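Asks:
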Amino acid sequence: MSVPLSYSSKANQIARILIQVGLLTLFWWIGSVLQQFFHAPVSGAVIGLFMVLIGLLTGIFKLEWIKTGSDFILGELVLFFIPCMVGLVKYKNLLVTEGWELVLSVVIGTICVMVITAFSVYFGFKIEEKLKNLHRTSHHIHQAGE
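Mapping the sequence shown onto our numbering, position 24 (from 1) lands on 31, and the numbers just tick up by one.
1. If you compare alpha carbons, which of 83, 75, 123, 63 is closest to residue 135?
2. Are the beta-carbon atoms belonging to residue 73 and residue 41 less than 7 Å from one another?
3. Roughly how far, in whole angstroms, is the beta-carbon of residue 37 from the beta-carbon of residue 66, given that I think they are within contact range, below 8 Å?
4. In chain order, what residues of the same chain have a beta carbon less than 7 Å from the beta carbon of residue 23, not counting five sequence neighbours either side?
5. Residue 88 lies in the alpha helix (DSSP H); which residues open and close that run?
6. Note down the Cα distance separating residue 112 from residue 84, rounded to an integer number of angstroms.
7. Please report how far the alpha carbon of residue 43 lies from the alpha carbon of residue 145, in whole angstroms.
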């Protein structure tokens, strides 16, 4: 009895997600080890993300190796905020007396993240466009030399 293709492809998709999330977790862990070893003022997760970025930019590994896993993590991101909501419910009195500070922090933080993300995407597209033009130019020069 053979397994239907949909079950096989679903199993492959789950395996791919698990492997890619594991790879991203490995970079997070390595970043945390480096942060503790060097007593860096930056989070280990941020160090791990920079390692991933450097790996992608230098071509050490390909986006396809982590894209499915990172898409899964982003899709389930809301689950990571559940402990925060439980904490807010638990400390309702603190929220009532000093909630404006929390709201202000969240609003300012969100604006900062949105602005930085917008600039990052903008400059990322600019870099990608320049690299494509450079590749096209070098390809045309190579063909003209033959």
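The C-beta atom is built at its ideal place from N, Cα and C for all residues, glycine as well.
Quantities reported herein were computed from a predicted structural model and do not represent experimental measurements.
Replies: Walking through what the data contain:
1. What you label residue 135 is simply residue 128 of the sequence shown in a count that begins at 1. Nearest option by C-alpha distance: 63.
2. The residue given as residue 73 occupies position 66 in the sequence shown. The residue given as residue 41 occupies position 34 in the sequence shown. Not a contact, by the Cβ cut-off of 7 Å.
3. Reading the sequence shown from its first residue, position 30 is the one you call residue 37. Reading the sequence shown from its first residue, position 59 is the one you call residue 66. Not a contact, Cβ separation roughly 19 Å.
4. Residue numbering aside, residue 23 sits at position 16 when the sequence shown is read from its first letter. The residues are 75.
5. Against the sequence shown, residue 88 aligns to sequence position 81. Segment: none, residue 88 is in no alpha helix (DSSP H) and carries neither H nor E.
6. As a first step, residue 112 must be located in the sequence shown, where it is residue number 105. As a first step, residue 84 must be located in the sequence shown, where it is residue number 77. Roughly 20 Å between the two C-alpha positions.
7. The sequence position of residue 43 within the sequence shown is 36, counting from 1. The sequence position of residue 145 within the sequence shown is 138, counting from 1. Approximately 43 Å between the Cα atoms of the pair.
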